[in-house]
Amino acid sequence: MKNNSYTFVLVHGAWHDGSLWAPVAESLRIQGHEVHTPTVIGHTRNGSRDYCHADGVRSIVNYILNNDLKDFVLVAHSFGGSVISRVAEEVPDRIRRLVYWNAFVLKDGESISDVSPPHYNELMTRMSAERGDDCFMLPFPIWRNNFIGDGSLELAESTYRKLCPEPMRMLMDKVPLKTFHELAIPKTYLNAMADIAMPPGEYAWYPRFAERLPGCRVIFMPGSHQVMFTNPALLAEKIWEAGRD
Amino acid sequence: MKNNSYTFVLVHGAWHDGSLWAPVAESLRIQGHEVHTPTVIGHTRNGSRDYCHADGVRSIVNYILNNDLKDFVLVAHSFGGSVISRVAEEVPDRIRRLVYWNAFVLKDGESISDVSPPHYNELMTRMSAERGDDCFMLPFPIWRNNFIGDGSLELAESTYRKLCPEPMRMLMDKVPLKTFHELAIPKTYLNAMADIAMPPGEYAWYPRFAERLPGCRVIFMPGSHQVMFTNPALLAEKIWEAGRD
Amino acid sequence: MKNNSYTFVLVHGAWHDGSLWAPVAESLRIQGHEVHTPTVIGHTRNGSRDYCHADGVRSIVNYILNNDLKDFVLVAHSFGGSVISRVAEEVPDRIRRLVYWNAFVLKDGESISDVSPPHYNELMTRMSAERGDDCFMLPFPIWRNNFIGDGSLELAESTYRKLCPEPMRMLMDKVPLKTFHELAIPKTYLNAMADIAMPPGEYAWYPRFAERLPGCRVIFMPGSHQVMFTNPALLAEKIWEAGRD
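Top line first, the protein sequences correspond to chains A, B and C.
Going by the numbering used here, the first sequence wraps up at 345, each residue one higher than the last.
Going by the numbering used here, the second sequence wraps up at 345, each residue one higher than the last.
Going by the numbering used here, the third sequence wraps up at 345, each residue one higher than the last.
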């Protein structure tokens, strides 16, 4: 139906790149939507990762402008939330709705690190120092137990092999958000109920980050932080519920 | 089965009237139950809305007495919770169980306004003043995003057209509940997990209001505050689970 | 598949014995797993209940040693959590993973009573004194509403008849856990979302006890504290998800 054909721009999380949205994007396209899955610069297994958070933001803004995208739903997963809030400041009039799927909603001047639990910060600092390339790779046991606990071991292993080291500056840079919290763009928080990538309790995704979006729609779904791998068709359906008018 | 045939009295929430229970009531009747859906006086699109909270309570008590209803499960949605607690004080011996479906459980002397978040109170006061008729109509964007976020836009629009302005006194009157919290009537809290009509965090329905009913049964279900429209058959099933002995 | 054939040792909760796992165990066996359901000593309707918590722990350790069980997933329900943490201290090298299904995770020197809400403690003390045999039997209304609220009345009644009085020392003894919190055994918290045996709010199972297992996997499922009776096949599936590598 013409009216129900939307344009979605999906912005991935840390350790991911745009290609990992493929099964979700395909499900949305089958429903008649146009879907874009740009990669935030620096998210690569083989190329340069020498980029800061502002570079990441600029890469998504450029993608939008180069493709002259308008009236789209801008969806973020996890780290991507810190990107789309800044993107929204740059191109507010092009965005129909912002959807945060278990994504970070930062205040002006906060970094991902600032809103993460101490044990993640210690781990990031230590492991980045060991690598010596100013990047951080999530250890497999955390991936398996806390990111994709609802998948099989085989799926946890095969998806882990597709991840890239995350540039530390993406996680450590303070993000300026001077106008974001005043923008009138409609917003949705999509919460996967078994997502413990942010651990249970005070650091949990929900309601912590939904509370930072007053009046936002909230959509719930089952599944873990990586439901994009464990149940992509359901995630596509929920992104639609989250994003439609 | 005779033993499993119950009588349910369903008391609606703000902006609703009894007729909006029709699909839920029909589902319960198909299961062999007797169902009553009285309207709390003043909840009308065309008639007089010049009534206070005590008038609303009396209208439900009168319905029960006029129909000589006994041994029934008294179910409330939302605002209706403030009504059935007072009704239970008036006719305790007639009630088999009280079911609060994402409903307000007030303490003695509280109003709905007292337990609502500041931004709702500001909105109510401002919009009621603008109307000038001492009523408050929920704005459509809140209805769509926070009350019926799990429905289609079409369903959100068609149901919104059935709503009536809410008399402010229903929401602002302090409700005396001198004996309610001592009543031995069994109680259930039925919580729709994606119900954000009360926003995420400290003002959320659950566990806030369930904690005010010590020892109550708790039943969970998926869905929004308006699951009566988005999934009435499931709601009927959960009202049965909530209400049975 | 050989790789996916595990050994599970299931440790029951208060008022239960090992035989009540039968439908769950059968579901796991059909999937090719080896399943053991030992009874914690003192959990009997007709025999001696004159045992302390350490006796209970020893009975499970002895079962493991007598059967020379190795490389198994040790699963606990409710009270059983206080047992398996101590068992893990005794035979850490035999355990592949610990799974706490709505189970108590105690700190060194805590008792079940210490982490239970005041109204349960008052009830236990009073009812145990009335019985005069240093045991506590859960009253039926609590069982029906707060433990098995998702089952029919008939199921609530038939399962209640299978329960045994709980030796008070199982609930009151301080449990020494000197090394448990340092053990490197992988751990999972399995949370049934409608489990209100620990009441809503500050005493709720989740996230309270999951937070005591840093880095644990968390698996969610629908259902009450007695989902072993109301949906044993689903519980078996979730125990597998919780326990697999």
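Where is the CB? At the ideal position from N, CA and C, for every residue including glycine.
This structure is a prediction, so every number in the text was calculated from the model and none was measured.
Using 7 Å as the threshold, is the C-beta distance between residue i and residue j below it?
i: A114/B; j: N202/B; result: no
i: A294/B; j: S127/B; result: no
i: G180/B; j: H112/B; result: yes
i: T259/C; j: F172/C; result: no
i: C270/B; j: H153/B; result: With the sequence shown as reference, residue 270/B is identified as Met, and Cys is not the correct amino acid for it. In contact: M270/B and H153/B (Cβ atoms closer than 7 Å).
i: P267/A; j: G142/A; result: yes
i: M272/B; j: S211/B; result: yes
i: V157/B; j: R197/B; result: no
For residue i and residue j, what's the separation of their Cα atoms in angstroms?
i: A304/B; j: D234/C; result: 41 Å
i: H116/C; j: S178/C; result: 10 Å
i: A188/C; j: Y289/C; result: 15 Å
i: D214/C; j: A229/B; result: 53 Å
i: A125/A; j: A176/A; result: 13 Å
i: T107/A; j: I285/A; result: 16 Å
i: H225/A; j: E341/B; result: Checking the sequence, you will find Thr at residue 225/A rather than His. So the alpha carbons of these two residues sit roughly 51 Å apart.
i: S159/C; j: N331/C; result: 28 Å
i: F240/B; j: Q131/A; result: 27 Å
i: S216/B; j: V327/C; result: 35 Å
i: R231/B; j: N221/B; result: 15 Å
i: K102/B; j: H325/C; result: In this prediction, K102/B has a pLDDT of 46, which is less than 50 and means its spatial position is unreliable; what the coordinates show is noted afterwards. About 29 Å.
i: T137/B; j: L110/B; result: 5 Å
i: L206/B; j: V199/A; result: 35 Å
i: H262/C; j: A310/B; result: For clarity, residue 262/C is Lys in the given sequence; the question names His instead. Their backbone Cα atoms lie some 29 Å apart in a straight line.
i: D193/B; j: D155/B; result: 21 Å
i: R244/B; j: I339/A; result: 16 Å
i: T382/C; j: I184/C; result: This structure cannot settle anything about residue 382/C, because the visible part of chain C is limited to 101 through 345.
i: S105/A; j: D250/C; result: 40 Å
i: F204/B; j: M227/C; result: 33 Å
i: R149/B; j: I195/B; result: 28 Å
i: N246/C; j: A333/B; result: 24 Å
i: P307/C; j: P265/B; result: 40 Å
i: E282/B; j: L169/B; result: 23 Å
With a threshold of 7 Å between beta carbons, is residue i in contact with chain A?
i: N50/B; result: No information on residue 50/B is available, as it lies outside the stretch 101 to 345 that chain B covers here.
i: L253/B; result: yes
i: F204/C; result: no
i: G181/B; result: no
i: V318/C; result: yes
i: A310/C; result: yes
i: G249/B; result: yes
i: D117/C; result: no
What does DSSP give as the partner residues of residue i in its beta bridges?
i: K287/A; result: L198/A
i: C235/A; result: P267/A
i: T107/B; result: E134/B
i: I319/A; result: L290/A
i: F172/C; result: I195/C
i: A203/B; result: S178/B
i: V275/A; result: E210/A
Just checking: is the beta-carbon of residue i within a distance shorter than 7 Å of some beta-carbon in chain C?
i: I296/A; result: yes
i: M101/B; result: For M101/B, the predicted structure reports a pLDDT of 40, less than 50, and the residue's modelled location is therefore unreliable. A value from the coordinates is still provided. For M101/B, the answer is no, since every Cβ of chain C falls outside 7 Å of its Cβ.
i: G301/A; result: yes
i: D214/B; result: no
Give a single yes or no on whether residue i has its beta carbon closer than 6 Å to a heavy atom of the ligand PLP.
i: P241/A; result: What this structure holds is no ligand at all, so the ligand PLP is not there to describe.
Which chain F residues are close to residue i, counting only those with a beta carbon under 9 Å from its beta carbon?
i: G315/A; result: Checking the listed chains, one finds no chain F in this structure; the protein chains it contains are A, B and C.
Is residue i close to chain B? Criterion is C-beta to C-beta, closer than 7 Å.
i: P307/A; result: yes
i: M237/C; result: no
i: D234/A; result: no
i: D171/A; result: no
i: M328/C; result: no
i: M227/C; result: no
i: M293/C; result: yes
i: D345/A; result: yes
i: F108/A; result: no
Requested in this report: Evaluate contact between the segment 271-283 of chain C and the segment 165-176 of chain C, counting only Cβ atoms and requiring at least three cross-stretch pairs below 8 Å.
Outcome: Per the Cβ contact rule, the segment 271-283 of chain C is not in contact with the segment 165-176 of chain C (fewer than 3 Cβ pairs under 8 Å).
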